[in-house]
Ligand code: URA
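Residue numbers (the working numbering): 175 to 619.
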């Protein structure tokens with residue numbers, strides 16, 4: 175077999191066989207296939223696409239390219255969750271303890287922030303003392319004792335994806351549906367859970383800007399998960415507007431705690447409870463309505479917050495800040511952005527707002543940038559809300575006051591104020607299962 179012939183085949187729009195895909199991934203991980211040939215293949219895939227069978231074969235080859243996590247030593251159904259990335263998306267911090275409090279297990283590897291999107295591990299590391307890198311035995315022990323553990327990616331999980339992702343990043347080949355689907359699902363398969371809930375974001379702050387593209391990605395990933403023998407469901411949710419009101423690491427932990435106390439913003443609470451109910455459903459804890467009731471009860475009784483505190487303590491963190499978020503170390507400076515006009519908030523570009531948070535220090539501008547745990551934005555006014563001239567529309571927090579000017583300019587360019595109240599937007603668009611796509615209302619949740 176020769177890589178040259180495989181590139182030619184894909185260039186002409188033909189499907190690669192499972193053996194050809196294995197040869198290509200194996201050779202690339204072992205450095206037998208050079209970057210320039212793989213770059214040509216990636217571009218050919220961008221133009222020619224892949225069939226469902228090819229995408230599944232690519233995912234399996236990538237998942238098998240390194241270590242795979244065997245979670246069988248933990249009793250019970252282990253359910254994973256993946257978000258395709260968003261701004262203000264702290265749902266893992268809320269869903270995982272809810273699911274644990276309701277009797278399923280979450281043994282989850284999470285990521286760090288990427289570009290304008292935040293990452294669960296950066297958020298957790300804003301809790302003083304919290305360790306996201308722990309030995310495997312401690313990870314298992316924490317899941318057994320608390321029902322959940324959230325850790326950073328360990329070991330040599332899907333090294334093919336790591337190498338391919340870096341190459342895609344510099345060859346303009348990130349935005350290809352089979353490449354995104356196989357990248358995400360290879361890591362999910364290698365991470366070893368029994369069931370997977372995918373939260374596929376759509377809108378200005380998401381990879382998939384349109385609902386149709388998000389549904390297509392969701393379908394591809396559900397087909398891969400089910401094909402690999404994992405119960406997999408996807409929800410397509412809104413990321414045109416940031417989720418909740420807090421963006422930035424400790425600010426988002428504090429807002430997650432508010433949701434777990436039943437005092438959080440409506441949009442974040444609704445999306446989190448819906449995701450948690452679907453995770454419980456996938457874990458076999460009853461029908462969706464029963465799972466939703468159980469999720470709500472775990473918030474009302476405080477058992478979900480107890481689980482989060484227990485996990486944080488087990489992983490070395492100080493849970494005093496969870497019991498009382500006012501104890502979080504504060505940013506060195508804060509400023510309010512005031513409305514130049516009266517009216518309604520008619521637009522909030524989630525991507526630009528995420529980039530504003532990065533400028534304030536909540537994310538990384540370069541790979542080696544240091545995150546400021548307390549930096550970020552509190553959205554005083556959100557999409558659809560009334561604002562009077564001179565009122566604050568957002569509070570910016572940073573340890574670097576030099577960033578305020580640029581951040582304010584960026585924030586203002588992301589937000590529109592108009593005379594008329596805008597149309598309401600759905601929070602959740604569709605549910606995608608192996609049986610097809612259902613508009614969310616029709617899914618009965
Ligand atoms: N997230 C991933 O892990 N991979 C992609 O290709 C895109 C988003």
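Glycine included, every Cβ here is placed at the ideal spot set by N, Cα and C. Values in this document were obtained by computation on a predicted structure and should not be read as measured data.
Within its chain, find whatever has a CB closer than 6 Å to the CB of residue 245; leave out the 5 residues flanking it on each side and keep chain order. As a first step, residue 245 is located in the chain shown; it is residue number 71 there, counting from the start. Here the set comprises 252, 281 and 366.
Please tell me whether, using a cut-off of 8 Å, the distance from the CB of residue 339 to the nearest non-hydrogen atom of ligand 1 is below it. Stepping through the chain shown from its first residue, residue 339 is reached at position 165. Checking every heavy atom of ligand 1 against the Cβ of residue 339, one is found closer than 8 Å.
Enumerate in chain order the residues of its own chain whose CB-to-CB distance from residue 201 is below 8 Å, with the five nearest sequence positions on each side excluded. In the chain shown, counting from the first residue as 1, residue 201 sits at position 27. Cβ neighbours of residue 201 beyond the five flanking positions: 177 and 207.
Check whether the Cβ atoms of residue 603 and residue 412 sit closer than 9 Å, and answer yes or no. The sequence position of residue 603 within the chain shown is 429, counting from 1. The sequence position of residue 412 within the chain shown is 238, counting from 1. Yes, the Cβ-Cβ distance between residue 603 and residue 412 is below 9 Å.
Flag this pair as touching only if the segment 349-362 and the segment 263-277 have three or more C-beta atom pairs under 8 Å; answer yes or no. no
Here's a check: name, in chain order, each residue in its chain whose Cβ is nearer than 8 Å to the Cβ of residue 496, leaving out the five neighbours to either side. Against the chain shown, residue 496 aligns to sequence position 322. Closer than 8 Å at Cβ, skipping near neighbours: 301, 427, 431, 479, 482, 483 and 486.
Check whether the Cβ of residue 259 sits closer than 8 Å to any heavy atom of ligand 1, and report yes or no. If you number the chain shown from 1, residue 259 lands on position 85. Yes, since a heavy atom of ligand 1 falls inside the 8 Å radius drawn around the Cβ of residue 259.
To the nearest whole angstrom, what separates the beta carbons of residue 184 and residue 219, a pair I think is in contact under 8 Å? Position 10 of the chain shown, counted from the start, is the residue given in the question as residue 184. Position 45 of the chain shown, counted from the start, is the residue given in the question as residue 219. That belief holds up - the Cβ atoms of residue 184 and residue 219 are roughly 6 Å apart, short of 8 Å.
Could you tell me the boundaries of the alpha helix (DSSP H) in which residue 202 lies? In the chain shown, residue 202 corresponds to position 28, counting from 1. Per DSSP, residue 202 belongs to the alpha helix (DSSP H) from 192-203.
Any residue with its Cβ nearer than 5 Å to a heavy atom of ligand 1 should be included. What is that list in chain order? 354, 357 and 358
Buried versus exposed, by CB contacts within 10 Å (16 or more), residue 186: Against the chain shown, residue 186 aligns to sequence position 12. The residue is exposed, with fewer than 16 neighbouring Cβ atoms inside 10 Å.
Cutting at 8 Å between CB atoms, please list the residues of its own chain near residue 288, excluding the five before and the five after it. Along the chain shown, read from residue 1 onward, the residue named residue 288 stands at position 114. So the list reads 259, once near-sequence residues are dropped.
Roughly how many whole angstroms lie between the Cα atoms of residue 357 and residue 329? Taking the first residue of the chain shown as 1, we reach residue 357 at position 183. Taking the first residue of the chain shown as 1, we reach residue 329 at position 155. Cα to Cα, the separation comes out at about 17 Å.
Beta-carbon proximity list for residue 526, same chain, < 7 Å, skipping 5 on both sides: Working through the chain shown from its first residue, we reach residue 526 at position 352. The answer, listed in chain order, is 584, 587 and 588.
For residue 179 and residue 223, what's the separation of their Cα atoms in angstroms? The residue you call residue 179 lines up with position 5 of the chain shown. The residue you call residue 223 lines up with position 49 of the chain shown. Spanning the two alpha carbons is a distance of roughly 17 Å.
Please work out which residues of its chain come closer than 6 Å, Cβ to Cβ, to residue 267, disregarding the five sequence neighbours upstream and downstream, and give them in chain order. Residue mapping note: residue 267 aligns to position 93 of the chain shown, counting from 1. The residues are 430.
Examine the Cβ distances between the segment 543-554 and the segment 502-522 and report whether three or more of them are shorter than 8 Å. yes
Cβ atoms of residue 377 and residue 262: under 9 Å apart, would you say? Numbered from its first residue, the chain shown carries residue 262 at position 88. Numbered from its first residue, the chain shown carries residue 377 at position 203. In this structure, residue 377 does not lie closer than 9 Å to residue 262 by Cβ.
Identify, in the order they occur along the chain, each residue of the same chain with its Cβ nearer than 7 Å to the Cβ of residue 435, setting aside the five sequence neighbours on each side. Taking the first residue of the chain shown as 1, we reach residue 435 at position 261. Within the same chain, residue 435 has close Cβ partners 479.
For the alpha helix (DSSP H) that residue 579 lies in, which residues bound it at each end? Within the chain shown, residue 579 is the residue found at index 405, counting from 1. Segment 578-588, the alpha helix (DSSP H) holding residue 579.
Taking the straight line between their C-alpha atoms, what separation do you get for residue 238 and residue 521? For the purposes of this step, residue 238 is taken as residue 64 along the chain shown, with counting starting at 1. For the purposes of this step, residue 521 is taken as residue 347 along the chain shown, with counting starting at 1. Taking the straight line from one Cα to the other gives about 43 Å.
For residue 472, is the classification buried or exposed, using 16 other Cβ atoms within 10 angstroms of its Cβ as the cut-off for buried? As a working note, residue 472 is residue 298 in the chain shown. The residue is buried, with at least 16 neighbouring Cβ atoms inside 10 Å.
Here's a check: name, in chain order, each residue in its chain whose Cβ is nearer than 7 Å to the Cβ of residue 574, leaving out the five neighbours to either side. As a working mapping, residue 574 is identified with position 400 in the chain shown. Excluding residues within five positions, the ones whose Cβ falls inside 7 Å are 535.
So what's residue 518 in DSSP terms, helix, strand or just coil? Within the chain shown, the letter at position 344 stands for residue 518. Three-state DSSP puts residue 518 in a strand.
Please list the terminal residues of the continuous beta strand (DSSP E) segment that includes residue 328. Counting from one through the chain shown, the residue named residue 328 turns up at place 154. Element bounds for residue 328: n/a, residue is neither H nor E.
Under three-state DSSP, which class holds residue 285? Counted from its first residue, the chain shown places residue 285 at position 111. DSSP places residue 285 in coil when its eight states are reduced to three.
Please classify residue 500: does DSSP put it in a helix, a strand, or coil? By 1-based counting over the chain shown, the position of residue 500 is 326. In this structure, residue 500 counts as helix in the three-state DSSP scheme.
Is the separation between the beta-carbon of residue 386 and that of residue 608 shorter than 9 Å? In the chain shown, counting from the first residue as 1, residue 386 sits at position 212. In the chain shown, counting from the first residue as 1, residue 608 sits at position 434. No, these two residues do not count as a Cβ contact at 9 Å.
Residues sharing a beta bridge with residue 475, DSSP: If you number the chain shown from 1, residue 475 lands on position 301. Note: residue 475 sits in no beta bridge, so no partner.
In its own chain, which residues sit with a C-beta less than 6 Å from the C-beta of residue 380, not counting the 5 before and 5 after it? Numbered from its first residue, the chain shown carries residue 380 at position 206. Taken in chain order, the residues that qualify are 413.
With contact counted as at least three CB pairs below 8 Å, one residue from each stretch, are the segment 316-335 and the segment 347-355 in contact? no
Apart from the five residues on each side of it in sequence, which residues of its chain come closer than 7 Å, Cβ to Cβ, to residue 618? Sequence index remark: in the chain shown, residue 618 carries index 444 (1-based). Confidence is the limiting factor: at residue 618 the pLDDT is only 41, short of 50, which leaves the residue's position unreliable, though a coordinate-based value still follows. Closer than 7 Å at the Cβ level, and outside the excluded window around residue 618, lie 462.
Expressed to the nearest angstrom, what Euclidean distance is found between the alpha-carbon atoms of residue 595 and residue 384? Taking the first residue of the chain shown as position 1, residue 595 is located at position 421. Taking the first residue of the chain shown as position 1, residue 384 is located at position 210. Using only the alpha carbons, I get a separation of about 23 Å.
What is the rounded straight-line gap between the Cα of residue 494 and the Cα of residue 195? For the purposes of this step, residue 494 is taken as the residue at position 320 of the chain shown. For the purposes of this step, residue 195 is taken as the residue at position 21 of the chain shown. Whole-angstrom Cα-Cα distance: 50 Å.
If residue 318 sits next to residue 272, beta carbons under 8 Å apart, how far is it from one beta carbon to the other, in whole angstroms? Here residue 318 refers to the residue found at position 144 of the chain shown. Here residue 272 refers to the residue found at position 98 of the chain shown. About 18 Å separates the two Cβ atoms, so there is no contact after all.
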